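Below is one structure; the comments refer to it alone.
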Amino acid sequence: MTEQSPALDNLLTESRTFPPSETFSAQANATADFYAEADADREAFWAKQAERLHWETKWSQVLDWTNAPVAKWFVGGKLNVAYNCVDRHVADGHGEQVAIHWVGEPGDSRDITYAQLKDEVSKAANAFESLGLTAGDRVAIQMPMVPEAIVAMLACARIGAMHSVVFGGFSPTALRSRVDDAAAKVVITTDGQYRRGKAAPMKVNVDEALEGAESVEKVIVVRRTGDEVPLTEGRDVWWHDLVDGQSAEHAPQAFDSEHPLFILYTSGTTGKPKGILHTSGGYLTQAAYTHHNVFDHKAGEDVYWCTADIGWITGHSYIVYGPLANRATQVVYEGTPNPPHEGRHWEIVQQHKVSIYYTAPTLIRTFMKWGNEIPEKYDLSSLRVLGSVGEPINPEAWMWYREHVGANSAPIVDTWWQTETGGIMISPLPGVTSTKPGSAQKALPGISAKVVDDQGVEVGKGGGGYLVLDKPWPGMLRGIWGDEQRFRETYWSRFADQGYYFAGDGAKYDADGDIWLLGRVDDVMNVSGHRISTTEVESALVSHPTVAEAAVVGATDPTTGQGIVAFVILRGNAVDGGEQAVQELRNHVAKEIGPIAKPRQILVVQELPKTRSGKIMRRLLRDVAENRQVGDVTTLADSSVMDLISSGLKTGK
Ligand code: 6R9
1 MTEQSPALDN LLTESRTFPP SETFSAQANA TADFYAEADA DREAFWAKQA ERLHWETKWS
61 QVLDWTNAPV AKWFVGGKLN VAYNCVDRHV ADGHGEQVAI HWVGEPGDSR DITYAQLKDE
121 VSKAANAFES LGLTAGDRVA IQMPMVPEAI VAMLACARIG AMHSVVFGGF SPTALRSRVD
181 DAAAKVVITT DGQYRRGKAA PMKVNVDEAL EGAESVEKVI VVRRTGDEVP LTEGRDVWWH
241 DLVDGQSAEH APQAFDSEHP LFILYTSGTT GKPKGILHTS GGYLTQAAYT HHNVFDHKAG
301 EDVYWCTADI GWITGHSYIV YGPLANRATQ VVYEGTPNPP HEGRHWEIVQ QHKVSIYYTA
361 PTLIRTFMKW GNEIPEKYDL SSLRVLGSVG EPINPEAWMW YREHVGANSA PIVDTWWQTE
421 TGGIMISPLP GVTSTKPGSA QKALPGISAK VVDDQGVEVG KGGGGYLVLD KPWPGMLRGI
481 WGDEQRFRET YWSRFADQGY YFAGDGAKYD ADGDIWLLGR VDDVMNVSGH RISTTEVESA
541 LVSHPTVAEA AVVGATDPTT GQGIVAFVIL RGNAVDGGEQ AVQELRNHVA KEIGPIAKPR
601 QILVVQELPK TRSGKIMRRL LRDVAENRQV GDVTTLADSS VMDLISSGLK TGK
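Residue numbering for the sequence shown follows UniProt numbering, starting at 1 and increasing by one per position.
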């Protein structure tokens with residue numbers, strides 16, 4: 001069963017609730033009767049939500065679940081996702097509305113209207129077609145948060161090509177494995193990127209990644225930092241040379257509702273990331289429906305800002321697809337939160353009168369650390385809805401967010417979902433739900449979630465167990481790219497008898513039946529809201545010549561949620577595990593996977609605790625990493641190992 005930290009236990013005794021204000025409720029998009037309406041006829045409810053979109057051909061059936069666990073939603077329907085996100089708003093007379101207030105890290109900025117976005121996406125679509133890209137092809141995108149990244153994603157969608165966005169902080173090795181897995185034909189990148197106030201290279205990393213990559217025919221490079229970069233003759237082309245001269249007319253073709261839209265890689269319990277596959281109609285319906293109701297978004301009135309990176313699912317669903325389908329005006333910010341100062345976010349909120357702000361608990365805790373006086377210096381009165389995503393939010397951070405950002409009045413929506421779910425699944429509805437600090441509370445109308453025990457039986461109020469999704473939903477993943485068996489095993493085998501989707505999260509009902517998320521129950525860590533598998537980091541460590549064996553755990557961390565702690569056994573002939581060796585290993589992991597996977601701490605040990613069947617007992621290592629008394633060691637093959645580790649650590653050996 002799930003192992004709970006003391007912090008999570010406290011969280012479950014939380015009794016404060018915050019009912020919605022009458023004025024908010026009176027104007028809210030969502031109403032309490034949505035739940036009953038969806039329960040009465042789920043498919044009719046979703047069909048109504050799909051009407052938010054423009055369909056070239058209407059569907060003939062809402063859901064086909066006969067080939068479970070691969071769902072078909074809005075069967076027979078045809079639509080163009082990019083048309084829905086851009087063109088139709090222009091056709092409806094909103095071409096002059098700003099779609100994106102883009103804010104560059106060094107202080108440059110661009111406002112892009114829907115009419116301009118339509119031109120840019122059309123030109124890029126024409127450019128991509130001129131390279132021979134067609135529907136079904138894969139395009140890898142590794143870019144910082146520049147407008148062209150969004151344009152590139154939409155242009156792929158427009159021509160039916162699938163994008164595979166790879167987070168800008170991922171290493172060449174990580175990029176390469178994703179390019180190879182999807183056999184990407186085209187890679188789009190920038191010369192460099194601004195990160196923490198400095199220009200850092202990007203294209204040279206891509207070059208390193210693509211050495212000998214057979215599938216890649218073209219690399220498109222957006223100029224961002226102006227740094228000189230080598231171009232490979234015949235393969236590389238500047239975005240401005242390729243795109244700027246194209247026609248701004250491009251006729252969007254309607255694709256089947258189940259036409260693949262994108263692949264997004266996420267960490268699983270093995271070292272190999274999974275290419276999560278999403279399709280068009282159902283995904284866009286859920287992204288738009290949730291963005292409209294969970295954030296109470298009003299087109300043409302709100303200014304929305306989601307601080308995620310497009311390299312993650314939150315950026316896909318709540319920067320690109322959901323908000324644009326709903327004709328949002330949004331802020332897109334390129335950089336990290338503190339260049340040049342710690343009030344950067346609040347300055348942007350004040351300047352653009354941001355009314356909906358969606359971020360991650362790790363950032364909220366960082367803001368707390370920086371001090372109350374920082375947000376106090378700015379006018380944040382425009383904010384009316386606050387969101388949280390990526391990991392459980394502890395009540396202290398929730399209360400701080402409410403008080404110091406939301407002026408004790410803006411509803412906070414704690415949204416639980418995953419790369420695999422495509423859109424938000426469990427969340428309060430602002431104006432409807434009385435919120436509780438720390439709880440994501442209830443499955444949204446149209447969504448069904450349960451907390452079950454080992455046998456798949458739903459637990460009662462106050463009970464804990466595993467979170468499952470017991471009914472199909474429109475934004476659900478349609479598979480793992482190229483690995484159907486892994487798809488079935490990972491998500492559908494744990495509760496195969498019941499046909500439940502196993503989310504991999506522990507959860508609990510409180511006395512009111514509200515859901516509290518308790519973190520992963522598998523070997524996936526959550527560091528600053530990023531999923532990183534213990535196995536991935538372990539593989540990176542053992543790929544270093546000095547390392548014989550490695551075990552990695554996620555230890556509770558006050559700022560990042562979890563921090564990566566590695567235990568390594570060095571090879572016999574390797575020199576001592578001094579500070580320098582440890583530093584080198586940390587850098588090695590950063591190089592293999594990316595800086596986000598850099599262990600917070602590496603402990604050199606002589607032995608690792610293993611069961612008789614040879615499984616590393618991470619639970620015990622977590623006890624050590626979190627400075628707790630080591631738990632039950634009876635299943636260890638050699639129970640003295642933990643003494644050895646603990647005493648070795650004390651004496652620094
Ligand atoms: C959207 C996203 C998914 C995992 C998920 C869970 C954790 C996300 C959460 C949350 C508690 C929340 N998670 N939101 N846990 N409360 N509001 O983050 O997708 O990167 O795939 O991560 O993140 O453990 O299983 P992804």
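Ideal Cβ positions, reconstructed from N, Cα and C, are used throughout, including at glycine.
Note that the coordinates shown come from a computational prediction; the quantities given were computed from them, not determined experimentally.
Three-way DSSP call (helix, strand, coil) for residue i in this model
{"i": "R531", "result": "strand"}
{"i": "A496", "result": "coil"}
{"i": "S539", "result": "helix"}
{"i": "Q274", "result": "Per the sequence shown, the amino acid found at residue 274 is Lys instead of Gln. In this structure, K274 counts as strand in the three-state DSSP scheme."}
{"i": "N587", "result": "helix"}
{"i": "V641", "result": "helix"}
{"i": "K203", "result": "helix"}
{"i": "A91", "result": "helix"}
{"i": "A548", "result": "strand"}
{"i": "F167", "result": "coil"}
{"i": "L53", "result": "coil"}
{"i": "H345", "result": "helix"}
beta-carbon residue i near the ligand GTP non-hydrogen atom, thresh 8 Å
{"i": "N394", "result": "Ligands displayed in this structure: the ligand 6R9; the ligand GTP is not among them."}
Straight-line gap, residue i to residue j (C-alpha atoms, nearest Å)
{"i": "V451", "j": "I112", "result": "44 Å"}
{"i": "D643", "j": "W239", "result": "59 Å"}
{"i": "F170", "j": "A407", "result": "37 Å"}
{"i": "I159", "j": "T134", "result": "6 Å"}
{"i": "V527", "j": "P392", "result": "12 Å"}
{"i": "M143", "j": "A71", "result": "31 Å"}
{"i": "W416", "j": "R235", "result": "41 Å"}
{"i": "G390", "j": "A440", "result": "12 Å"}
{"i": "I188", "j": "L154", "result": "13 Å"}
{"i": "V151", "j": "Y500", "result": "37 Å"}
{"i": "Y357", "j": "G577", "result": "45 Å"}
{"i": "M92", "j": "T57", "result": "A small fix is needed here, since residue 92 is Asp in this sequence, not Met. Computed Cα separation, rounded: 19 Å."}
{"i": "T433", "j": "T290", "result": "15 Å"}
{"i": "L117", "j": "Y83", "result": "11 Å"}
{"i": "residue 681", "j": "I220", "result": "One cannot answer for residue 681 here, as it falls past the ends of the chain, which runs 1 to 653."}
{"i": "T421", "j": "L477", "result": "6 Å"}
{"i": "S164", "j": "Y114", "result": "24 Å"}
{"i": "I515", "j": "K461", "result": "10 Å"}
{"i": "L210", "j": "A184", "result": "11 Å"}
{"i": "A308", "j": "A637", "result": "44 Å"}
{"i": "A410", "j": "R402", "result": "7 Å"}
{"i": "I263", "j": "G282", "result": "15 Å"}
{"i": "T314", "j": "A36", "result": "28 Å"}
{"i": "G561", "j": "A397", "result": "11 Å"}
Endpoints, beta strand (DSSP E) assigned at residue i
{"i": "Y283", "result": "Where Y283 is concerned, there is no enclosing beta strand (DSSP E), although the alpha helix (DSSP H) it sits in stretches over 281–294."}
{"i": "F262", "result": "260–266"}
{"i": "F567", "result": "561–570"}
{"i": "T23", "result": "Per DSSP, T23 belongs to no beta strand (DSSP E); it is in the alpha helix (DSSP H), 22–27."}
{"i": "Q193", "result": "192–195"}
{"i": "G469", "result": "Here residue 469 turns out to be Leu, not Gly, going by the sequence shown. Per DSSP, L469 belongs to the beta strand (DSSP E) from 464–469."}
{"i": "A140", "result": "138–142"}
Residue environment, residue i, which counts as buried when at least 16 other CB atoms sit within 10 Å
{"i": "W65", "result": "exposed"}
{"i": "R612", "result": "exposed"}
{"i": "K598", "result": "buried"}
{"i": "N587", "result": "exposed"}
{"i": "T336", "result": "exposed"}
{"i": "G513", "result": "exposed"}
{"i": "residue 656", "result": "Past the edges of the chain, shown from 1 to 653, lies residue 656, and the structure says nothing about it."}
{"i": "T17", "result": "exposed"}
{"i": "A248", "result": "exposed"}
{"i": "V457", "result": "exposed"}
Run of the alpha helix (DSSP H) containing residue i, from where it starts to where it stops
{"i": "M153", "result": "147–159"}
{"i": "P172", "result": "172–182"}
{"i": "Y318", "result": "Element bounds for Y318: n/a, residue is neither H nor E."}
{"i": "S448", "result": "Where S448 is concerned, there is no enclosing alpha helix (DSSP H), given that its DSSP letter is neither H nor E."}
{"i": "D241", "result": "239–243"}
{"i": "W416", "result": "No alpha helix (DSSP H) holds W416; DSSP gives it neither H nor E."}
{"i": "S122", "result": "114–130"}
{"i": "residue 683", "result": "Absent from the structure is residue 683, since the part of the chain shown begins at 1 and ends at 653."}
{"i": "V62", "result": "Run containing V62: none in the alpha helix (DSSP H); it sits in the beta strand (DSSP E), 61–64."}
Any chain B beta carbon closer than 9 Å to residue i
{"i": "G423", "result": "Within the model displayed, chain B is absent; a lone protein chain is all it includes."}
Secondary structure, alpha helix (DSSP H): runs of 4+ residues fully inside the stretch 347–413: 361–370, 373–376, 395–400
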